[in-house]
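Student: Before anything else, here's the structure in question.
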Ligand SMILES: Nc1ncnc2c1ncn2[C@@H]1O[C@H](COP(=O)(O)OP(=O)(O)OP(=O)(O)O)[C@@H](O)[C@H]1O
Ligand SMILES: [Mg+2]
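Chains as they are written, first to last, in the numbering used here: chain A, 12 to 241; chain B, 14 to 425.
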């Protein structure tokens with residue numbers, strides 16, 4: 012069974028007094044467990060909208076999204092929150108972290124929501140930080156860290172609770188080329204080591220060429236969907 | 014406490030210090046508002062309480078009983094048969110003080126001149142319990158119980174008539190049979206009263222002398238009852254009226270001096286008006302600050318929601334911030350306001366420097382006002398501010414929880 016199923020999904024933004032904006036016009040795709048895939052496409056093509064719908068952050072105008080076979084349209088906001096907590100990790104473009112929490116506290120946030128004890132959280136975060144070269148920053152505040160370090164903490168937070176899928180909307184957009192590439196390589200390794208599915212969006216060829224599967228969106232429609240053998 | 018709650022409180026604590034200056038300013042506004050309300054209600058409460066204390070020195074009893082008809086024309090012939098046996102009959106509350114007086118109007122004459130006066134025939138040993146100013150004898154002393162021709166006068170009268178302790182004073186009154194009665198008295202003591210009307214007009218003589226002056230046998234005009242709780246006077250007067258029947262009337266201080274009752278009601282309502290106004294302003298202030306501080310973090314809340322934070326927890330996070338702001342500012346405000354009210358309940362504040370009292374619609378009010386220190390009232394004001402601050406946090410929280418995570422994330 013695919014981990015993500017997107018079934019003929021549309022999203023129309025209808026704001027009062029404005030012509031409705033058709034961000035997605037009927038997108039269908041399935042993502043298998045362990046994939047490392049990217050959404051590409053020009054600005055305004057619907058990448059963020061699609062990722063938001065997959066993550067249950069937004070509701071489609073029509074069509075259905077299923078995560079691990081569970082249809083999102085039937086879920087309450089509370090149930091959606093729990094589903095994200097348990098199955099989905101998020102990495103955003105920037106300002107991902109809560110500034111009043113330390114790096115370790117940020118990374119342990121989802122575990123805390125799950126009710127994991129402080130000690131166990133600390134142990135798990137420590138292990139991940141070690142793996143990701145973040146050990147010196149356990150107790151640093153985000154504002155004292157570089158953009159690349161912050162994004163790595165965000166990735167750590169997304170994967171520490173072993174989600175089924177990590178959604179990353181332009182995770183490298185605010186990073187320089189080398190830092191961005193390092194982050195991508197790190198995600199790739201985590202994808203291989205832990206079997207976590209990654210779906211990200213980007214404009215950046217450096218990012219896109221690292222994906223196993225590339226879905227191109229134009230004007231709210233999927234125009235190409237190609238797998239690349241590696 | 015559940016770990017979810019403690020962690021919400023811990024996060025809230027850190028969040029309120031993100032914008033230290035703004036938090037301190039809004040907490041100060043809440044605190045100062047609370048101090049204002051506490052202090053002002055203490056002050057006004059003190060004023061009302063003080064006015065009631067002034068009943069004593071105004072020479073007005075908590076309840077006064079007269080033969081019906083006496084008060085209209087002050088006809089000294091309308092008297093009550095001797096009231097000494099009534100003490101038992103009246104069934105007064107414990108701690109009550111009772112005394113009978115013989116009343117007359119007349120003229121006091123000395124070598125210097127004469128002054129219209131109000132003559133009170135009293136029992137020397139009992140009267141100081143009823144007239145507080147007789148406890149402040151500034152010259153001479155209270156006459157002995159069997160002193161028939163001694164007289165006590167106020168400082169102002171002594172000055173006007175150039176009388177000193179030991180001097181002679183002639184009192185002339187209209188008798189019950191409409192003839193004039195006069196007698197010679199000797200000044201035994203001079204008392205101090207903050208009420209000029211009393212110090213200038215009231216002359217105390219023995220009951221026996223007063224009766225002789227008026228040509229009355231065993232009779233009194235007024236029965237004065239002082240009780241521990243002046244607020245119980247109305248009920249007591251009502252009770253006495255039923256018990257005594259139609260020949261007598263019992264009046265509470267509220268009926269004898271309605272201005273004091275009005276003053277009480279009036280001060281109560283201005284405190285309420287001020288409190289409402291202050292709370293309204295403070296409420297708006299907190300609402301504004303909380304709204305700003307929460308809405309500028311919309312994106313951050315969006316991230317938390319994306320990570321799986323339930324809407325109820327978002328609400329808790331915002332309320333945790335209100336909780337801390339409310340706790341700190343209410344504690345600070347209650348402490349400061351309480352200290353001020355307590356301090357001035359001892360030290361007092363003189364609102365009309367250089368004077369002892371002022372007249373307000375016929376009531377004498379001490380210009381030294383001691384605030385009322387009422388822990389119950391402080392607790393009430395504090396609880397109100399506290400709850401209001403918490404409730405105000407609900408609105409900004411609802412502005413966030415109303416949003417879909419995607420909408421919250423779009424806000425920068
Ligand atoms: N909240 C919204 N209200 C109205 N229109 C919106 C909203 N969000 C997105 N849109 C519109 O929907 C379309 C798709 O937007 P979306 O953000 O998904 O594109 P994107 O591919 O992520 O673009 P970018 O590469 O610039 O991030 C755009 O035309 C955009 O203007
Ligand atoms: Mg986008």
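We put the CB at the ideal spot given by N, CA and C, even for glycine.
1) Between the region 291-311 of chain B and chain A, which residues of the former have CB atoms less than 8 Å from a CB of the latter, in chain order?
2) Are there any heavy atoms of ligand 2 lying less than 8 Å away from the beta-carbon of residue 212 of chain A, as far as the coordinates show?
3) Alpha carbon to alpha carbon, what distance is there between residue 269 of chain B and residue 74 of chain B?
4) When every heavy atom of ligand 1 is checked, does at least one fall within less than 8 Å of the C-beta of residue 423 of chain B?
5) Where does residue 173 of chain A sit, in a helix, a strand or coil, going by DSSP?
6) So, with DSSP's three-state summary, where would you put residue 12 of chain A?
7) Bridge partners for residue 134 of chain A per DSSP, in chain order?
8) Could you tell me the boundaries of the alpha helix (DSSP H) in which residue 27 of chain B lies?
9) Does DSSP put residue 144 of chain B in a helix, a strand or coil?
10) Residue 208 of chain B and residue 146 of chain B: beta carbons closer than 9 Å?
11) Assess, as a yes-or-no matter, whether the region 50-65 of chain A is touched by the region 225-236 of chain A under the definition of 3 or more beta carbon pairs within less than 8 Å.
12) Go ahead and pull the three-state DSSP assignment for residue 106 of chain A.
13) Taking 8 Å as the cut-off, is the beta-carbon of residue 69 of chain A closer than that to any non-hydrogen atom of ligand 2?
14) Look at residue 174 of chain A and residue 223 of chain A and say whether their C-beta atoms are less than 9 Å apart.
15) Measuring only from the beta carbon, is residue 21 of chain A closer than 8 Å to any heavy atom that is part of ligand 2?
16) What does DSSP give as the partner residue(s) for residue 127 of chain B in the beta ladder?
17) Compare the C-beta of residue 409 of chain B with all C-beta atoms of chain A and state if any pair is closer than 9 Å.
18) How would you write the range of the alpha helix (DSSP H) that residue 359 of chain B sits in, first residue to last?
19) Assuming residue 261 of chain B is part of the beta strand (DSSP E), what are its boundary residues?
20) Quick check on this structure: which residue in A/113, A/77, A/181, A/36 has the alpha carbon closest to the alpha carbon of residue 13 of chain A?
21) Do residue 164 of chain B and residue 182 of chain B have their C-beta atoms within less than 9 Å of each other?
22) Taking the beta strand (DSSP E) that residue 73 of chain A falls in, what are its first and last residues?
23) Looking at the C-beta of residue 94 of chain A, does it have a partner C-beta in chain B at a distance below 9 Å?
24) May I ask which residues mark the beginning and end of the beta strand (DSSP E) holding residue 150 of chain B?
25) Answer with buried or exposed for residue 293 of chain B, where buried requires no fewer than 16 other C-beta atoms within 10 angstroms of its C-beta.
26) By the DSSP assignment, the alpha helix (DSSP H) with residue 118 of chain A in it spans what residues?
27) Excluding five sequence neighbours on each side, which residues of the same chain lie with their C-beta closer than 7 Å to the C-beta of residue 370 of chain B?
28) Report the CB separation of residue 164 of chain A from residue 108 of chain A in whole angstroms; it is logged as a contact under 8 Å.
29) Considering only heavy atoms of ligand 1, list every residue whose Cβ is less than 5 Å from one of them, following chain order.
30) Between residue 103 of chain A and chain B, is there a C-beta pair that is closer than 9 Å?
31) Quick one: what does DSSP say residue 389 of chain B is sitting in, helix, strand or coil?
32) List the residues of chain A whose Cβ lies closer than 9 Å to the Cβ of residue 412 of chain B, in chain order.
33) Whose C-alpha, out of B/140, B/408, B/55, B/390, is nearest the C-alpha of residue 238 of chain B?
34) Of the residues that make up the region 65-84 of chain A, which ones have a beta carbon closer than 9 Å to any beta carbon in chain B?
35) Of the residues A/170, A/49, A/66, A/103, which one's Cα is nearest the Cα of residue 207 of chain A?
Tutor: A quick look at the data gives this:
1) Answer set for the region 291-311 of chain B: empty.
2) Here residue 212 of chain A corresponds to residue number 201 of the first chain, with the count starting at 1. Within the cutoff, so yes.
3) As a working mapping, residue 74 of chain B is identified with position 61 in the second chain. As a working mapping, residue 269 of chain B is identified with position 256 in the second chain. Between residue 74 of chain B and residue 269 of chain B, the C-alpha separation is close to 9 Å.
4) Counted from its first residue, the second chain places residue 423 of chain B at position 410. It does: the Cβ of residue 423 of chain B is within 8 Å (strictly closer) of some heavy atom of ligand 1.
5) Reading the first chain from its first residue, position 162 is the one you call residue 173 of chain A. If DSSP states are grouped into helix, strand and coil, residue 173 of chain A belongs with coil.
6) Here residue 12 of chain A is taken as the residue at index 1 of the first chain, counted from 1. Reduced to three states, the DSSP call for residue 12 of chain A is coil.
7) Taking the first chain and counting its residues from 1, one reaches residue 134 of chain A at position 123. The partner list for residue 134 of chain A (beta bridge, DSSP) is empty, contrary to what the question assumes.
8) On the second chain, position 14 is the one that residue 27 of chain B refers to. Residue 27 of chain B -> alpha helix (DSSP H) spans 16-29.
9) In the second chain, the residue the question calls residue 144 of chain B occupies position 131. Coil.
10) As a working mapping, residue 208 of chain B is identified with position 195 in the second chain. As a working mapping, residue 146 of chain B is identified with position 133 in the second chain. Yes, they are a contact pair.
11) Taking a contact to require three or more Cβ pairs closer than 8 Å, the region 225-236 of chain A and the region 50-65 of chain A qualify as touching.
12) Locating residue 106 of chain A in the first chain gives position 95, counting from the first residue. Residue state, collapsed to three classes: coil.
13) As a working mapping, residue 69 of chain A is identified with position 58 in the first chain. It does not: the Cβ of residue 69 of chain A is nowhere closer than 8 Å to a heavy atom of ligand 2.
14) Residue 174 of chain A sits at position 163 when you count from the first residue of the first chain. Residue 223 of chain A sits at position 212 when you count from the first residue of the first chain. No. Outside cutoff.
15) In the first chain, the residue the question calls residue 21 of chain A occupies position 10. Not so, every heavy atom of ligand 2 lies at least 8 Å from the Cβ.
16) Looking up residue 127 of chain B in the second chain gives position 114. Looking at the DSSP assignment, residue 127 of chain B forms a beta bridge with B/122.
17) Counting from 1 along the second chain, the entry for residue 409 of chain B is found at position 396. So, not an interface residue.
18) As a first step, residue 359 of chain B is located in the second chain; it is residue number 346 there, counting from the start. DSSP places residue 359 of chain B inside the alpha helix (DSSP H), whose first and last residues are 324-360.
19) Translated into positions along the second chain, residue 261 of chain B becomes position 248. Unbroken beta strand (DSSP E) run through residue 261 of chain B: 261-265.
20) The residue you call residue 13 of chain A lines up with position 2 of the first chain. Comparing Cα positions, the closest option is A/77.
21) In the second chain, residue 164 of chain B corresponds to position 151, counting from 1. In the second chain, residue 182 of chain B corresponds to position 169, counting from 1. Contact flag set, yes.
22) Translated into positions along the first chain, residue 73 of chain A becomes position 62. Segment 73-78, the beta strand (DSSP E) holding residue 73 of chain A.
23) What you label residue 94 of chain A is simply residue 83 of the first chain in a count that begins at 1. It does: the Cβ of residue 94 of chain A has a partner Cβ on chain B nearer than 9 Å.
24) In the second chain, counting from the first residue as 1, residue 150 of chain B sits at position 137. Its beta strand (DSSP E) spans residues 150-153.
25) Here residue 293 of chain B corresponds to residue number 280 of the second chain, with the count starting at 1. Counting the other CB atoms within 10 Å of its CB gives residue 293 of chain B a total below 16, which places it among the exposed residues.
26) Position 107 of the first chain, counted from the first residue, corresponds to residue 118 of chain A. Run containing residue 118 of chain A: 114-118, per the alpha helix (DSSP H) assignment.
27) Here residue 370 of chain B is taken as the residue at index 357 of the second chain, counted from 1. Taken in chain order, the residues that qualify are 207, 208, 377, 378, 379, 380.
28) Start at 1 with the first residue of the first chain, and residue 164 of chain A comes out as number 153. Start at 1 with the first residue of the first chain, and residue 108 of chain A comes out as number 97. At roughly 6 Å, the Cβ-Cβ gap stays under 8 Å, so residue 164 of chain A and residue 108 of chain A are in contact.
29) A/24, A/32, A/34, A/54, A/55, A/56, A/57, A/58, A/59, A/60
30) Indexing the first chain from 1 puts residue 103 of chain A at position 92. Output row for residue 103 of chain A: interface = yes.
31) Sequence index remark: in the second chain, residue 389 of chain B carries index 376 (1-based). If DSSP states are grouped into helix, strand and coil, residue 389 of chain B belongs with the helices.
32) Residue 412 of chain B sits at position 399 when you count from the first residue of the second chain. Neighbours of residue 412 of chain B on chain A: none; closest Cβ ~15 Å, over 9 Å.
33) The residue given as residue 238 of chain B occupies position 225 in the second chain. Ranking B/140, B/408, B/55, B/390 by Cα distance to residue 238 of chain B puts B/140 first.
34) 66, 67, 68, 69, 70
35) Counting from one through the first chain, the residue named residue 207 of chain A turns up at place 196. Measuring from the Cα of residue 207 of chain A, the nearest candidate turns out to be A/170.
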